[in-house]
Amino acid sequence: MTLGTSTGRWLGDAVVAAALMTASAAWSASVPRDLVACGEIGGAAERLACFDRYLAAARTRGVETAQETSRNPARPARPATAREVVSTVGSVQPSGQGRWMLVLADRSVWQSYDAGAPAPRVGQPVHIRKGTFGSYLADIGGARGVVLKRLR
């Protein structure tokens, strides 16, 4: 079904009108009273002087805010992560698909990425270091590096 040119145009005009009404309502709610009062001044010179005063005050407030923001940028706090962990194996549990879950003596919990990697034995020394893309590399009991993901 196709809309006729008059129906399509009417529909388009209605959408634009609704968008403008919504935007103007939001704009009028956010416009300070002083600025609206400037617009109601009858004389052109007085109205212009009022707008100029308002604009000058707004610019200085904006500069101060920008300087404060650049001096004190808001950054989300990162959780502290160790770059290296040295411990011993507390327990090992299979986690399906040839992977295993490892609980160290310090109660941190890790899961292997490598399917088929030999499972460590309880009491073996573990040296875990930071890898790439959020992963960790573990040397367990002197064996080759195993890729791990920290769960807790």
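Going left to right, the sequence shown walks through residues -28 to -1, 1 to 124 as mature numbering (1 follows the signal peptide of the UniProt record, and there is no 0) numbers them. Just so it is clear, CB atoms sit at the ideal spot from N, CA and C, and this is done for glycine as well.
Proximity winner among the options, relative to residue i (alpha-carbon distances)
i, options, result
"A91", "F105, G11 and L74", "L74"
"Q83", "R93, W72, A77 and E18", "W72"
"Y26", "A17, C10 and A16", "C10"
"R93", "F105, T104, L76 and A30", "L76"
Proximal residues to residue i (C-beta, below 8 Å), its chain only, five neighbours per side dropped
i, result
"S107", "Y85, V119, L120 and K121"
"L123", "M73, V81, W82 and Q83"
"A30", "none"
Strand pairing of residue i, partner residues [DSSP]
i, result
"A21", "In the DSSP output, where bridge partners are listed per residue, A21 has none listed."
"Y108", "K102 and L120"
"V64", "L74"
"Q83", "M73 and K121"
"E56", "R101"
Close Cβ partners of residue i (< 6 Å) along its chain, the five nearest in sequence each way excluded
i, result
"H99", "V58 and D111"
"E56", "R101"
"P66", "W72"
"A28", "none"
"C22", "C10 and I13"
"D78", "S59"
"G103", "L109"
C-beta atoms of residue i and residue j nearer than 8 Å
i, j, result
"Q69", "A87", "yes"
"V61", "G95", "yes"
"R5", "I13", "no"
Cβ shell of residue i (< 7 Å), same chain only, five flanking positions each side left out
i, result
"V8", "none"
"W(-2)", "Confidence in W(-2) is poor, its pLDDT being 48 and thus under 50, which makes the residue's placement too unreliable to answer from."
Beta-carbon separation (whole angstroms), residue i vs residue j, contact threshold 8 Å
i, j, result
"P97", "G113", "6 Å"
is_contact[residue i, chain B] using C-beta, thresh 8 Å
i, result
"V57", "Going by chain labels, chain B is absent from the structure shown, which holds only one protein chain."
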